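Engineer: With positions in the sequence shown counted from 1, the corresponding number in my numbering is that position plus 63.
One structure, as structure tokens, below. Some questions next.
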Amino acid sequence: MQATELRIGNYVKSSLSNNPLKVESISADQINNDTKIEDIVPVLITEDWLINNFGFNNNGQGYYQHPEFNFFLYHIVEDEYFDCYKQVPANDETGDFKTMQHVHKLQNLFFELFEEELTANINEK
């Protein structure tokens with residue numbers, strides 16, 4: 064993982080701990096003044112992260128929707144990734160979407176599309 068992928072407010076994990084870390088500061092070689100960049104690993108997007116941490120609604124059949132924005136995710140279970148849509152997916156597969164697996168990339172895309180932070184409701188340890 065590169066420091067250039069991260070923004071303040073992103074969630075990642077340290078390879079030394081399984082607990083999520085909220086990025087509060089970034090330098091060339093560490094985050095939060097105590098965790099080396101080489102020890103940072105991405106957090107996988109899961110149903111738990113979407114529903115319990117980000118407040119998405121489970122619309123069924125693998126679809127999740129943000130409660131305030133026209134933003135959807137579709138879970139591709141067999142490949143362990145999510146397709147992210149800014150609008151309802153088109154049946155003819157022409158809808159704009161991005162494929163991703165990691166929480167920090169989802170947060171960055173959300174900010175790029177809506178100029179709003181996608182913040183998590185979690186207790187950090």
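Quick reminder that beta carbons are idealized off the backbone N, C-alpha and C, glycines included.
Note that the structure is predicted; figures quoted are calculated from it, not measured.
Thinking methionine 163 and tyrosine 148 are a contact (beta carbons under 8 Å), I'd like their distance in whole angstroms, please.
Structural biologist: Not quite, the Cβ-Cβ distance comes to about 12 Å (not below 8 Å), so this is no contact.
Engineer: Taking the alpha carbon of threonine 160 as the point to measure from, which residue in His167, Asp146 and Gln170 has its own alpha carbon closest?
Structural biologist: According to the sequence shown, residue 160 is phenylalanine rather than threonine. When only C-alpha atoms are compared, the closest one is Asp146.
Engineer: Locate the alpha helix (DSSP H) running through lysine 168, then write down its first and last residues.
Structural biologist: It spans 166-177 - the alpha helix (DSSP H) in which lysine 168 sits, taken as one unbroken run.
Engineer: With C-beta atoms as the reference, is valine 166 less than 9 Å away from isoleucine 71?
Structural biologist: It is not a contact, given that the beta carbons lie outside the stated cut-off.
Engineer: Would you kindly report the start and end of the unbroken beta strand (DSSP E) that includes serine 77?
Structural biologist: Taken as a continuous stretch (DSSP letters only), the beta strand (DSSP E) holding serine 77 covers 74-77.
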